[in-house]
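Only one structure is covered here, and it is reproduced in the block below.
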Amino acid sequence: MSKKILFTRIYPKIAQTQLQEAGFKVTLRETDTPFDHKELIEKSKEHDAILCTLTDKIDDTFLNECSHMDIISQFAVGYDNINVEKATELGIPIGHTPEALNEATADIAFGLLLATSRKMFHQHKKIIHGKWGSFTPTGDLGIEIKNKTLGIFGLGRIGMEMAKLCKAAYNMNVIYHNRSRNKHAEKTLDATYVPFEELLTQSDVISLHCNLNEGTREIFNKDAFQKMKSRAIFINTARGPVHNESDLINALQTGEIWGAGLDVTNPEPMNPNNELLQMPNVCVLPHIGSGTEETRDEMARMAANNIIEFYKNGTVPNVVNP
Ligand code: DGY
0 MSKKILFTRI
10 YPKIAQTQLQ
20 EAGFKVTLRE
30 TDTPFDHKEL
40 IEKSKEHDAI
50 LCTLTDKIDD
60 TFLNECSHMD
70 IISQFAVGYD
80 NINVEKATEL
90 GIPIGHTPEA
100 LNEATADIAF
110 GLLLATSRKM
120 FHQHKKIIHG
130 KWGSFTPTGD
140 LGIEIKNKTL
150 GIFGLGRIGM
160 EMAKLCKAAY
170 NMNVIYHNRS
180 RNKHAEKTLD
190 ATYVPFEELL
200 TQSDVISLHC
210 NLNEGTREIF
220 NKDAFQKMKS
230 RAIFINTARG
240 PVHNESDLIN
250 ALQTGEIWGA
260 GLDVTNPEPM
270 NPNNELLQMP
280 NVCVLPHIGS
290 GTEETRDEMA
300 RMAANNIIEF
310 YKNGTVPNVV
320 NP
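Residue numbering for the sequence shown follows numbering that gives the first Met the number 0, beginning at 0 and increasing consecutively.
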């Protein structure tokens with residue numbers, strides 16, 4: 000009998016096509032909203048595997064009730080929505096989609112850096128609100144990033160792409176902090192490993208490209224922002240909970256840092272009345288790092304392939320479990 004796969008969201012068509020061509024029975028999601036948790040569990044009980052994403056909470060409750068799952072395939076590189084330890088205990092493999100979104104996400108980090116340094120979103124809002132006065136020699140000026148120091152927190156695949164862009168476009172000096180040394184980056188980008196404290200004190204721009212885990216949760220807090228340069232720009236395209244939002248607001252208000260560009264917030268979606276959205280030196284996007292047609296197609300292809308290969312050969316090509 001063919002295996003039943005539940006799609007928790009509307010994914011690019013290629014995922015459905017690949018799975019159906021391989022003989023799976025796919026249950027599609029009709030509306031482009033996440034299931035509520037209870038409904039997700041109930042629906043998953045009727046399926047052998049799910050294709051899920053970061054808006055689905057695959058927590059203890061889910062895993063206890065759906066311990067029959069053959070495989071959980073995540074449409075994302077990050078998987079902090081999934082209790083991997085518990086899934087591993089239950090023998091459920093977790094697939095994800097690394098590599099596919101490196102360039103697209105780095106583009107957004109780079110775009111946010113440029114937009115923030117020149118207050119682009121604020122300037123755009125001025126036009127919309129009829130506040131474009133005359134050319135002003137000194138009003139609302141930005142700052143330049145050319146030749147400055149870029150500090151990458153988490154120099155993996157995406158961080159590497161961001162560093163490449165910043166180096167090529169603005170000859171930035173790259174320093175980084177990571178769990179382990181990235182010799183490739185040191186060789187090809189002349190990147191220098193520094194302790195966390197030095198990353199904070201030396202960087203003109205700090206860009207986050209780490210996973211969210213207990214070691215990184217709110218690591219960018221009051222203490223960290225206080226150590227950063229007063230002209231520093233903070234970019235987060237990783238996960239919202241890596242920074243503490245009220246500490247970030249405070250750091251921007253008191254001038255401890257100069258600006259912030261965020262593609263991720265905590266919670267998501269961000270409340271439209273959030274103070275950050277009123278600040279001239281802040282640019283916020285709604286978690287669109289991987290959001291290009293090409294990248295999302297590739298993620299869908301990989302997520303479907305993780306399921307197909309698992310059933311065919313017993314191995315998941317891009318597996319998360321240790
Ligand atoms: C990821 O893949 O983890 C991104 O946040 C969404 O594509």
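C-beta atoms are modelled at their ideal positions from N, C-alpha and C, and glycine is treated no differently.
Predicted, not measured: the structure shown is a model, and the values here were computed from it.
- Spatial neighbours of D59 in its chain, beta-carbon cut-off 7 Å, leaving aside the 5 residues before and after: Only N82 and K85 meet the Cβ criterion.
- Message: On the criterion of 16 or more Cβ atoms from any shown chain inside 10 Å, does L251 qualify as buried, or is it exposed?
- Response: Looking at its Cβ environment, which holds 16 or more other Cβ atoms inside 10 Å, L251 is buried.
- Message: Taking its Cβ as the centre, do 16 or more other Cβ atoms sit within 10 Å of Q277, making it buried, or is it exposed?
- Response: The residue in question, Q277, is exposed, as its Cβ has fewer than 16 Cβ neighbours within 10 Å.
- Validate contact between the segment 277-289 and the segment 114-127 using beta carbons, cut 8 Å, 3 pairs: Cβ pair count under 8 Å is three or more, so yes.
- So is E324 buried or exposed if we call it buried at 16+ other beta carbons inside 10 Å? With the chain covering 0 to 321 only, the question about residue 324 has no answer from this structure.
- Is any heavy atom of the ligand DGY found at a distance shorter than 6 Å from the C-beta of G110? No, Cβ of G110 sits at least 6 Å from all heavy atoms of the ligand DGY.
- Contact check, K3 vs T26 under 8 Å by CB: the rounded distance? With a Cβ gap of about 7 Å, K3 and T26 count as contacting.
- Cα-Cα separation, E274 to V315: Computed Cα separation, rounded: 43 Å.
- Message: By the DSSP assignment, the beta strand (DSSP E) with Y175 in it spans what residues?
- Response: That run of the beta strand (DSSP E) goes N172 to H176.
- Spell out a yes or no on whether the segment 133-151 and the segment 165-178 are touching, meaning 3 or more CB-CB pairs, one atom from each, closer than 8 Å. With a cut-off of 8 Å, the segment 165-178 and the segment 133-151 count as touching, because enough Cβ pairs lie within range.
- Query: Which residues in the same chain as G150 place their Cβ atom closer than 6 Å to its Cβ, once the five residues preceding and following it in sequence are excluded?
  - Reply: Within the same chain, G150 has close Cβ partners I174, L198, S202 and I205.
- Message: Suppose only complete runs of 3+ residues qualify. What are the beta strand (DSSP E) ranges in the segment 242-313, listed by chain order?
- Response: You should have 258-261 and 281-283.
- With R28 and F6 assumed to form a contact (beta carbons below 8 Å), what rounded beta-carbon distance in angstroms separates them? That belief holds up - the Cβ atoms of R28 and F6 are roughly 5 Å apart, short of 8 Å.
- K125 to S245, Cα distance in whole Å? Roughly 25 Å separates the two Cα atoms.
- Test item: CB-CB of C65 and F152 under 7 Å: The answer is no: Cβ separation not under 7 Å.
- Task: Below 6 Å CB to CB, which residues in the same chain sit around E308 once its five sequence neighbours on both sides are set aside?
- Result: Cβ neighbours of E308 beyond the five flanking positions: P316.
- Would you kindly work out how many angstroms separate the C-alpha atoms of E20 and A303, rounded to a whole number? Each residue's Cα considered, the two are about 11 Å apart.
- Task: Identify every residue that forms a DSSP beta bridge with F233.
- Result: Paired residues: I205 and A259.
- Task: Output the distance between the C-alpha atoms of K401 and T187, rounded to the nearest integer angstrom.
- Result: Nothing about residue 401 can be reported from this structure: the residues present for the chain run from 0 to 321 only.
- Query: Since L149 is in the beta strand (DSSP E), which residue starts that stretch and which ends it?
  - Reply: Looking at the DSSP string, the run of the beta strand (DSSP E) that includes L149 is T148 to F152.
- Look at the alpha carbon of Q15 and the alpha carbon of H46, and state the distance between them as a whole number of angstroms. Distance between the alpha carbons of Q15 and H46 is about 15 Å.
- Look up Q73 in the DSSP assignment and give the residues it is bridged to. Note: Q73 sits in a beta bridge opposite C51.
- Task: Taking only the alpha-carbon atoms, compute the straight-line gap between N212 and K12 and give it to the nearest angstrom.
- Result: Roughly 31 Å separates the two Cα atoms.
- Query: For F219, which of helix, strand or coil comes out of DSSP?
  - Reply: Under the three-state reduction of DSSP, F219 is assigned to strand.
- Query: What number of angstroms, rounded off, separates the C-alpha of L127 from the C-alpha of S133?
  - Reply: In the sequence under discussion, the amino acid at residue 127 is Ile, which differs from the Leu named in the question. Using only the alpha carbons, I get a separation of about 15 Å.
- Query: Nearest-angstrom Cα distance between I218 and K182?
  - Reply: Put simply, the backbone Cα of I218 is about 24 Å away from that of K182.
- Assigned exposure category for H123 - 16 Cβ within 10 Å defines buried: It is exposed - the Cβ of H123 has fewer than 16 other Cβ atoms within 10 Å.
- Item | Within 7 Å, strictly: CB atoms of I287 and I70 | No, the pair does not count as a contact, with Cβ atoms beyond the cut-off.
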